[in-house]
Amino acid sequence: MDTTRDYWLILKPQVYIMMSTQRILLYNTEKGVYIESDEPSCIELIDSARDEQNKGVRFLPQKVLNNNRLITFIRKLQELQMVELKPADNRTHKPESLLPVYPEKSPVFSKDIMLCLTTLYLYINTTCKQKCPFCELYYKQNPCCTRTKCGEELTIEQIKRILKEARNSPLGKIHILGGDLLQYSRFPQLVEILEKANTAVHYWINYKNTNELDTRLLNKIKYWNVLVDFPLDQEQLQKNIALFNGKAIFYFLIHNEEQREIIETVRKLYHDIRIRIIPIYNNKNQDFFETEYYLSKSDIFSKPISQCRIWRNQTVNSNNFGALYIFPDGKVKTNPNAECLGDFHTSSLEDLLTKEVELNTSWLKIRDNETHCKDCLYRHLCPPPSNYEHLLGKANLCHVI
0 MDTTRDYWLI LKPQVYIMMS TQRILLYNTE KGVYIESDEP SCIELIDSAR
50 DEQNKGVRFL PQKVLNNNRL ITFIRKLQEL QMVELKPADN RTHKPESLLP
100 VYPEKSPVFS KDIMLCLTTL YLYINTTCKQ KCPFCELYYK QNPCCTRTKC
150 GEELTIEQIK RILKEARNSP LGKIHILGGD LLQYSRFPQL VEILEKANTA
200 VHYWINYKNT NELDTRLLNK IKYWNVLVDF PLDQEQLQKN IALFNGKAIF
250 YFLIHNEEQR EIIETVRKLY HDIRIRIIPI YNNKNQDFFE TEYYLSKSDI
300 FSKPISQCRI WRNQTVNSNN FGALYIFPDG KVKTNPNAEC LGDFHTSSLE
350 DLLTKEVELN TSWLKIRDNE THCKDCLYRH LCPPPSNYEH LLGKANLCHV
400 I
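Its first residue numbered 0, the sequence shown is counted upward by one per residue in numbering that gives the first Met the number 0.
Below, the structure written as structure tokens:
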């Protein structure tokens, strides 16, 4: 850059910009690199470059380039492929920049609200003979079975009705949970019905409840998710690994570092097993949970974040959007921790989804609405609020703020 001539500074379209009154962040969504500054001249430069008049292209007269901090900042932007400089020999020929246009903060829903339904969680029963000590906590944090004393079931007829009402939605996944699935009164018939559904059906079962699982029925189901809690029954786990023979993903629900070490031993013993580790907050393991789940600044920037994801984080909660949970007693929610939308026995799926648009129990719960996050430069780069934030009563599960 020759500081004796005028330039056009052109913001590249892959750059995401977040600004506060005292600091600015620029992030290259293709390269996954970023730069921050609290230098007023740098903040003013980028702010004016992206305003309605300049539209991503800012004239840089020679006199502006006398500022050493500004020159250093611009050179760094060039190095990170965030801006382009073109000599402004003729100021009347202003170049163009195709900056992305981010949508309004509140999304406009389709007139057909059923087009928003992408995921169903069907709790088909509540009966289970196991007595997992944290049963009531598991399903409120991640997809997981849970039991109650009521012994209710979703009937085959009700499930058929659900499928019928959802037939014109872009439903991508159905999750089948209990209770103990094998204690569902018509489980083989349910599997036959769901085989015909034009969507992926995932079955969730506790590894202690698989002893009576018929291999013919097992092989009919494509997606098995086996939940493994602690203390670990090694013999039972070994039986499950042999039974599913690569057909299942094993979800280990861990509360401490010792349990993680046990899982690493399992990995070494069974090389082909597919494992997912789910940290569980149990009200007594704050230090472990912070280590496992809380984000640091380096965590946020560890992988490139696309413009699509940034847009999504500004508008919807991707953890919850499009999801509907239906429980055996008829209660319907968009998240296990959310307010109940109504009763499936007396309301249609369309009516229940319309109510979510009116109440916003979880679909649009984003960090812009959270007191501790709304002024953070990184709020659109962070994952959206999850069940963990709800259970801990703390929006910013991070080491940044």
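Ideal Cβ placement from N, Cα and C applies to all residues, glycine included.
Small disclaimer: the values here were computed from a predicted structure and weren't measured.
Does the Cβ of V225 have 16 or more other Cβ atoms within 10 Å, making it buried, or fewer, making it exposed? By 1-based counting over the sequence shown, the position of residue 225 is 226. Buried, by the Cβ-count rule.
Based on DSSP bridge pairs, tell me the residues matched to F320. To locate residue 320, count along the sequence shown from 1; it is residue 321. Paired residues: none, contrary to the question.
Please confirm whether P335 and K139 have their CB atoms less than 8 Å apart. In the sequence shown, counting from the first residue as 1, residue 335 sits at position 336. In the sequence shown, counting from the first residue as 1, residue 139 sits at position 140. Yes.
For Y293 and H398, which I take to be in contact (beta-carbon distance under 8 Å), what is that distance rounded to the nearest angstrom? The residue you call residue 293 lines up with position 294 of the sequence shown. The residue you call residue 398 lines up with position 399 of the sequence shown. At roughly 6 Å, the Cβ-Cβ gap stays under 8 Å, so Y293 and H398 are in contact.
Go ahead and label H92 buried or exposed: buried means 16 or more other beta carbons lie within 10 angstroms of its beta carbon, across all protein chains shown. Along the sequence shown, read from residue 1 onward, the residue named residue 92 stands at position 93. Answer is exposed; the Cβ neighbour count stays below 16.
What is the DSSP secondary structure of F133, reduced to helix, strand or coil? Position 134 of the sequence shown, counting from 1, holds the residue named residue 133. Three-state result, F133: coil.
If you draw a straight line from the alpha carbon of T209 to that of I261, how long is it in whole angstroms? Counting from one through the sequence shown, the residue named residue 209 turns up at place 210. Counting from one through the sequence shown, the residue named residue 261 turns up at place 262. Roughly 21 Å separates the two Cα atoms.
Within a Cβ cutoff of 7 Å, which residues of the same chain sit near I299, ignoring the five residues on either side of it in sequence? Your numbering for residue 299 matches position 300 in the sequence shown. The answer, listed in chain order, is Y377, L380 and C381.
Who are the near neighbours of K207 in its chain, counting only those whose CB is closer than 8 Å to its CB and skipping five residues on each side? Counting from one through the sequence shown, the residue named residue 207 turns up at place 208. Contacts found: Q129, D232 and Q235.
Opening and closing residue of the beta strand (DSSP E) in which W203 lies: Residue 203 sits at position 204 when you count from the first residue of the sequence shown. A199 to N205 is the extent of the beta strand (DSSP E) around W203.
Assuming E349 contacts I112 under a Cβ cut-off of 8 Å, what Cβ separation, rounded to an integer in Å, is found between them? Taking the first residue of the sequence shown as 1, we reach residue 349 at position 350. Taking the first residue of the sequence shown as 1, we reach residue 112 at position 113. Contact holds; Cβ gap of about 6 Å.
Sheet register partners of C397 (DSSP bridge): Looking up residue 397 in the sequence shown gives position 398. According to DSSP, which records beta bridges pairwise, C397 is partnered with L294.
Based on DSSP bridge pairs, tell me the residues matched to I275. One-based indexing of the sequence shown puts residue 275 at position 276. For clarity, residue 275 is Arg in the given sequence; the question names Ile instead. In the DSSP output, where bridge partners are listed per residue, R275 has Y250.
Own chain partners of R311 with C-beta closer than 7 Å, once the 5 adjacent residues on each side are dropped: On the sequence shown, position 312 is the one that residue 311 refers to. Within the same chain, R311 has close Cβ partners S317.
Using the Cα positions of S96 and K54, report the straight-line distance between them to the nearest angstrom. What you label residue 96 is simply residue 97 of the sequence shown in a count that begins at 1. What you label residue 54 is simply residue 55 of the sequence shown in a count that begins at 1. So the alpha carbons of these two residues sit roughly 7 Å apart.
Could you tell me the boundaries of the beta strand (DSSP E) in which V225 lies? Sequence index remark: in the sequence shown, residue 225 carries index 226 (1-based). From DSSP, the beta strand (DSSP E) with V225 extends over Y222 to V227.
Report the option in N239, M81, I70 and L8 whose CA atom is closest to the CA atom of S47. Residue 47 sits at position 48 when you count from the first residue of the sequence shown. The candidate whose alpha carbon is nearest that of S47 is L8.
Assigned secondary structure, D286 (DSSP; H/G/I helix, E/B strand, else coil): Looking up residue 286 in the sequence shown gives position 287. Three-state result, D286: helix.
Under DSSP, the beta strand (DSSP E) around H389 begins and ends at which residues? By 1-based counting over the sequence shown, the position of residue 389 is 390. Careful: H389 lies outside any beta strand (DSSP E), inside the alpha helix (DSSP H) at N386 to L391.
Sub-8 Å separation of L114 and P187 beta-carbons: Taking the sequence shown and counting its residues from 1, one reaches residue 114 at position 115. Taking the sequence shown and counting its residues from 1, one reaches residue 187 at position 188. No, Cβ-Cβ distance for L114 and P187 is not below 8 Å.
For the candidate residues N282, I42, F288 and P94, whose alpha-carbon lies nearest to that of R259? Position 260 of the sequence shown, counted from the first residue, corresponds to residue 259. The shortest Cα separation from R259 among N282, I42, F288 and P94 belongs to F288.
For the alpha helix (DSSP H) containing W310, list its first residue and its last residue. Taking the sequence shown and counting its residues from 1, the one referred to as residue 310 is at position 311. Its alpha helix (DSSP H) spans residues Q306 to T314.
Closest by C-alpha distance to L76, when choosing among L44, P94, K62 and L136: Counting from 1 along the sequence shown, the entry for residue 76 is found at position 77. Of L44, P94, K62 and L136, the residue nearest in Cα terms is L44.
Secondary structure of S36, DSSP reduced to three states: The count along the sequence shown starts at 1 and reaches residue 36 at position 37. Strand, per DSSP.
Figure out for me which residue from P94, I70, L193 and N124 has the closest Cα to the Cα of K11. In the sequence shown, counting from the first residue as 1, residue 11 sits at position 12. Comparing Cα-Cα distances from K11 to each of P94, I70, L193 and N124, the minimum goes to P94.
So is V356 buried or exposed if we call it buried at 16+ other beta carbons inside 10 Å? Looking up residue 356 in the sequence shown gives position 357. That one is exposed.
Please report how far the alpha carbon of Q21 lies from the alpha carbon of R68, in whole angstroms. Looking up residue 21 in the sequence shown gives position 22. Looking up residue 68 in the sequence shown gives position 69. Roughly 16 Å separates the two Cα atoms.
If you run the structure through DSSP and keep just helix, strand and coil, what is R49? As a first step, residue 49 is located in the sequence shown; it is residue number 50 there, counting from the start. Looking at R49 - three-state DSSP - the assignment turns out to be coil, as it is neither helix nor strand.
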